[in-house]
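I have placed the structure first, in the form of structure tokens, so that the comments after it can refer back to it.
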Amino acid sequence: MIQLQNLSKVYSNDAGQFWALKDVNLSIHKGEFVAVIGKSGSGKSTLLHLLAGIDSPTNGSITVGGKKISSFPQNLITKWRCRETGIVFQSFFLLQTLTLLENVMLPMEFSRFLTRRKRKERALSLLKDVDLLHKANHFPDSVSGGEQQRCAIARALANDAPLILADEPTGNLDSENAEHIFSLFKNLAAQGKTIVMVTHDTDFSQRVDRSLLVKDGQISDIYFTNEKVGQI
Numbered sequence: 001m002i003q004l005q006n007l008s009k010v011y012s013n014d015a016g017q018f019w020a021l022k023d024v025n026l027s028i029h030k031g032e033f034v035a036v037i038g039k040s041g042s043g044k045s046t047l048l049h050l051l052a053g054i055d056s057p058t059n060g061s062i063t064v065g066g067k068k069i070s071s072f073p074q075n076l077i078t079k080w081r082c083r084e085t086g087i088v089f090q091s092f093f094l095l096q097t098l099t100l101l102e103n104v105m106l107p108m109e110f111s112r113f114l115t116r117r118k119r120k121e122r123a124l125s126l127l128k129d130v131d132l133l134h135k136a137n138h139f140p141d142s143v144s145g146g147e148q149q150r151c152a153i154a155r156a157l158a159n160d161a162p163l164i165l166a167d168e169p170t171g172n173l174d175s176e177n178a179e180h181i182f183s184l185f186k187n188l189a190a191q192g193k194t195i196v197m198v199t200h201d202t203d204f205s206q207r208v209d210r211s212l213l214v215k216d217g218q219i220s221d222i223y224f225t226n227e228k229v230g231q232i
């Protein structure tokens, strides 16, 4: 599903150059649920942004679903991202002038996925999955941060994309809701979705198929299910 080859990302500022990622080679299979762990500033979000086509690599290539997205022009990468990925941002990015229902419907409208009636039905079903059906017509500023996060997760699932990228999706949730969302992701992976989740939650990182440790621009591969630790 995902193939990274000699992937590097360098940021430059007045202090010089900073290697967020350096010569990363990585394969992630279809239907795999992968956690990305590491210290703050280690490059976890950079990896997610590169996979989503939000940022472009300095060197190397990114292939997702057989498509070399690192060579896509900007207009094509935007269309690809809208239809082929579902993204959960750490800061929600809900539109404050739209209701929760309208926020979830928005990706479907952008990509012209389903008819308008079917879009509403799907959005309501997704809000039910994250226990927000009763607040479908509320605006983001009238619900809690945890509820906004759950709405953002429902929005990420709207287009039924094969790849879900989530940046700390349970970080603003209490333990009960976090467990509910984690179980939802596990079920999606069982159905064939590929999920890459940045997390600081040690418990969740040990319950996925694989965890990737980002450190000093490199990625180590840790298998918790068979208690084996090894390099990619």
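Be aware that the sequence shown starts at 1, since it is given in the working numbering, and climbs by one per residue. C-beta atoms are modelled at their ideal positions from N, C-alpha and C, and glycine is treated no differently.
Can you tell which of D216, K67, A152, M1 has its C-alpha closest to the C-alpha of F33? In the sequence shown, counting from the first residue as 1, residue 33 sits at position 33. Nearest option by C-alpha distance: M1.
Just verifying my parser: in three-state terms, what is the DSSP assignment at L213? Within the sequence shown, residue 213 is the residue found at index 213, counting from 1. In the structure shown, L213 sits in a strand (DSSP, three-state: E or B).
How far does the alpha helix (DSSP H) with G145 in it extend, from its first residue to its last? Translated into the one-based positions of the sequence shown, residue 145 becomes position 145. 145-156 is the span of the alpha helix (DSSP H), which, as asked, contains G145.
Helix or strand or just coil, what does DSSP make of L173? Locating residue 173 in the sequence shown gives position 173, counting from the first residue. Three-state result, L173: coil.
Classify S71: buried if its beta carbon has 16 or more other beta carbons within 10 angstroms, exposed otherwise. In the sequence shown, the residue the question calls residue 71 occupies position 71. Answer is exposed; the Cβ neighbour count stays below 16.
Are the Cβ atoms of L132 and A154 separated by less than 8 Å? Here the question's residue 132 lines up with position 132 in the sequence shown. Here the question's residue 154 lines up with position 154 in the sequence shown. Taking 8 Å as the Cβ cut-off, L132 and A154 qualify as a contacting pair.
For the candidate residues D23, D14, A152, N13, whose alpha-carbon lies nearest to that of Q3? Mapped onto the sequence shown, residue 3 falls at position 3. Here the closest residue by C-alpha is D23.
Is the Cβ-Cβ distance between I87 and S205 less than 8 Å? Mapped onto the sequence shown, residue 87 falls at position 87. Mapped onto the sequence shown, residue 205 falls at position 205. In this structure, S205 does not lie closer than 8 Å to I87 by Cβ.
Quick check: what's the CA-CA separation for L212 versus V196? Working through the sequence shown from its first residue, we reach residue 212 at position 212. Working through the sequence shown from its first residue, we reach residue 196 at position 196. Each residue's alpha carbon lies about 10 Å from the other.
Whole angstroms is fine: what's the gap from V198's alpha carbon to P162's? By one-based count along the sequence shown, residue 198 stands at place 198. By one-based count along the sequence shown, residue 162 stands at place 162. Roughly 18 Å separates the two Cα atoms.
Pull up the distance between the alpha-carbon of R119 and that of S12, whole angstroms please. Along the sequence shown, one-based indexing puts residue 119 at 119. Along the sequence shown, one-based indexing puts residue 12 at 12. Using only the alpha carbons, I get a separation of about 42 Å.
Rounded to a whole number of angstroms, what is the C-alpha to C-alpha distance between E227 and V208? Mapped onto the sequence shown, residue 227 falls at position 227. Mapped onto the sequence shown, residue 208 falls at position 208. Because the pLDDT at E227 is just 45, under 50, the model does not fix this residue reliably, and the value given afterwards should be weighed accordingly. Whole-angstrom Cα-Cα distance: 12 Å.
Coarse secondary structure for D141, derived from DSSP in three states: Here residue 141 refers to the residue found at position 141 of the sequence shown. D141 falls in the helix class under three-state DSSP.
Nearest residue (CA-CA) to L165, options L114, Q218, I28: The sequence position of residue 165 within the sequence shown is 165, counting from 1. For the residues L114, Q218, I28, the minimum Cα distance to L165 belongs to I28.
Check M105 in the structure and name its three-state DSSP category. Working through the sequence shown from its first residue, we reach residue 105 at position 105. Here M105 sits in helix by DSSP.
Under the three-state DSSP convention, the category A52 falls into: Counting from 1 along the sequence shown, the entry for residue 52 is found at position 52. In this structure, A52 counts as helix in the three-state DSSP scheme.
Could you check if Q17 is buried or exposed, using at least 16 other CB atoms within 10 Å of its CB as the buried criterion? Residue numbering aside, residue 17 sits at position 17 when the sequence shown is read from its first letter. Its Cβ having fewer than 16 others within 10 Å, Q17 is exposed.
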